[in-house]
Amino acid sequence: MYGPWPGDWPEFVDMFLNGRTMCGDYFQVTSEWWQQRDKPNVLVLKYEDIVSSPQHSICRIADHLGIQPSTEQLACVMHNCSFESMSSNDNVNTTFGTGFRFLRKGLIGDWKASFTEEQSERFERAAQERLAAIGLEFRYE
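The sequence shown begins at 1 in the UniProt record's numbering and counts up one residue at a time.
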């Protein structure tokens with residue numbers, strides 16, 4: 001469930017909130033990208049928006065790249081970028097040494113199945129202090 005992480009979930013949450021995972025400090029990286037959002041070569045997309053409105057998100061990407069996909073191309077991209085297609089593609093859904101697959105469930109809000117109330121409150125505090133403070137709204141569902 002936690003990738004190649006050999007520890008338990010509470011320990012992973014502590015490491016994540018303290019920026020000590022193999023991917024670094026989520027809040028710092030997110031903050032740094034958010035500060036670049038108005039640059040012409042940067043397009044900020046949120047996972048929740050992509051999942052809830054894939055066609056709109058793909059059109060935003062195409063517009064950002066200055067291309068106009070045909071109806072057929074748009075349908076092909078939507079199919080190939082769907083969770084179902086990507087999760088069944090071994091080139092996309094990499095398996096780590098422990099058997100963990102990179103893609104999990106593709107659901108918005110699935111964090112609630114793993115987080116305790118205390119962990120959720122800690123994450124919310126960190127998001128408020130480090131993301132809301134710079135004007136980035138965190139979407140939970």
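Every residue, glycine too, gets a C-beta built ideally from N, C-alpha and C.
How close, in whole Å, do the beta carbons of residue i and residue j come, if the pair is a contact with beta carbons under 8 Å?
i	j	result
F83	G106	3 Å
L43	H56	Not really, about 13 Å apart at Cβ, beyond 8 Å.
Name the DSSP bridge partner or partners of residue i?
i	result
T21	G24
Below 8 Å CB to CB, which residues in the same chain sit around residue i once its five sequence neighbours on both sides are set aside?
i	result
I134	S31, W34 and Q35
L103	F83, M86, S87, V92 and N93
Leaving out five residues on either side along the sequence, give the residues of the same chain with a beta carbon under 7 Å from the beta carbon of residue i.
i	result
E141	I108 and G109
D49	S57
R139	K46 and E48
Note down, in chain order, each residue of its chain lying with its Cβ closer than 6 Å to the Cβ of residue i, except the 5 sequence neighbours on either side.
i	result
P69	A62
residue 208	With the chain represented from 1 up to 141, any question about residue 208 goes unanswered, as that position is not in the structure.
L74	none
R20	none
Is it the case that the stretch 15–32 contacts the stretch 117–132, given that we only count it when at least three CB pairs across the two stretches are under 8 Å? yes
Contiguous alpha helix (DSSP H) assignments of at least 4 residues, all confined to the stretch 14–80: List check, alpha helix (DSSP H) in window: 26–34, 47–52, 54–65 and 71–80.
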